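Going by this note's numbering, the sequence shown opens with residue 20, and the numbers climb by one from there.
Beneath this line is the structure, given in structure tokens, with notes to follow.
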Amino acid sequence: KTVTQNDDTMLVGETKVKTEGSEGQNKIVRRTKYINGAAQETTVVSTDVVKKATDRVVLQGSKEPQPKETTDTEENATEPPKVSSSDAANPQPSSSSKSRQIDGYSYSRMLSGPCTAYTGGGVTASGMSAAVGRVAVDPSVIPYGTHLYITSADGSYVYGYAVAADTGGFVSNSSTMIDLYMSSKAECSAFGRQTMNIYILD
20 KTVTQNDDTM
30 LVGETKVKTE
40 GSEGQNKIVR
50 RTKYINGAAQ
60 ETTVVSTDVV
70 KKATDRVVLQ
80 GSKEPQPKET
90 TDTEENATEP
100 PKVSSSDAAN
110 PQPSSSSKSR
120 QIDGYSYSRM
130 LSGPCTAYTG
140 GGVTASGMSA
150 AVGRVAVDPS
160 VIPYGTHLYI
170 TSADGSYVYG
180 YAVAADTGGF
190 VSNSSTMIDL
200 YMSSKAECSA
210 FGRQTMNIYI
220 LD
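Right, dumping it as structure tokens:
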């Protein structure tokens, strides 16, 4: 089986195989009873473990990236351009080559669109364990492993730093851009469906 372990020396979204697992091996001794040359009954006499099975261990990063500092106050004051939800399927890179900032994080572009919330645990489509900060996306628009910062346009709700790690049925049957993972059904109900700004971090 595969065992997942958190590693605080690796960034969230990164994974690495620590040890490859191996199958176990047993020695089984059987006794068969023959009557007139035909096997009639077989019983197991003994079973010995020759080699124990070992788990496959995968490390997943739990370290949050440090916000990048900037001394360019003019760039900090610049209002990031918004992309309507109708354009979300074909997001365009920012026309500015200079890095911009959101809450201390540098980002290359920003998308805006409706977001929902889900919970329930399990394993994401990218193989990571479901957790707060690992969100569901349309991977054709936002690839798995992309680092994000998510907040409402007016700043009244801040989901914060996140990693694109999962996907869902909303990709094909709704206009939802991102499904935010939350720790309880109550939080999901309170969030409902809101238009959020999604910043693609550098």
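Glycine included, each C-beta is placed from N, C-alpha and C at the ideal position.
What you are looking at is a predicted structure, and each value in this text was computed from that prediction instead of being measured.
Helix, strand or coil at residue i according to DSSP, with G and I counted as helix
i, result
"Lys-204", "helix"
"Val-190", "helix"
"Ala-149", "coil"
"Ala-72", "coil"
"Ala-57", "strand"
"Ala-155", "strand"
"Ala-172", "coil"
"Ala-209", "helix"
"Thr-97", "Interpretation of Thr-97 is limited by its pLDDT of 47, a score under 50 that renders its predicted location unreliable; the figure taken from the coordinates is listed afterwards. Three-state result, Thr-97: coil."
"Ala-144", "coil"
"Ile-161", "coil"
"Gln-85", "coil"
"Ala-66", "Checking the sequence, you will find Thr at residue 66 rather than Ala. Correct three-state label for Thr-66: strand."
"Thr-195", "coil"
Neighbour-count burial assignment, residue i, 16 or more Cβ in a 10 Å radius
i, result
"Thr-66", "exposed"
"Val-48", "exposed"
"Asp-122", "exposed"
"Asp-198", "buried"
"Gly-141", "exposed"
"Asp-185", "buried"
"Ile-54", "exposed"
"Arg-119", "buried"
"Ala-183", "buried"
"Lys-20", "exposed"
"Gln-9", "A query on residue 9 cannot be resolved here, the shown segment of the chain reaching from 20 to 221 and no further."
"Gln-24", "exposed"
"Gln-79", "buried"
"Gly-32", "buried"
N- and C-terminal bounds of the beta strand (DSSP E) containing residue i
i, result
"Arg-128", "124-137"
"Thr-214", "213-220"
"Met-29", "21-30"
"Thr-34", "34-38"
"Gln-120", "119-121"
"Gly-43", "First-last for Gly-43: undefined, no H or E at that position."
Q: Count the C-beta pairs between the segment 188-207 and the segment 148-158 that are closer than 8 Å, then say yes if the count reaches three, no if not.
A: Touching, yes, given that three or more Cβ pairs across the two stretches are closer than 8 Å.
Q) Counting pairs of Cβ atoms below 8 Å between the segment 130-142 and the segment 198-215, do you hit three or more? A) Taking 8 Å as the limit for Cβ pairs, the verdict is that the segment 198-215 does touch the segment 130-142.
Q: Determine, using beta-carbon pairs with one atom in the segment 40-49 and one in the segment 71-80, whether at least three such pairs fall under 8 Å.
A: A contact exists between the segment 40-49 and the segment 71-80.
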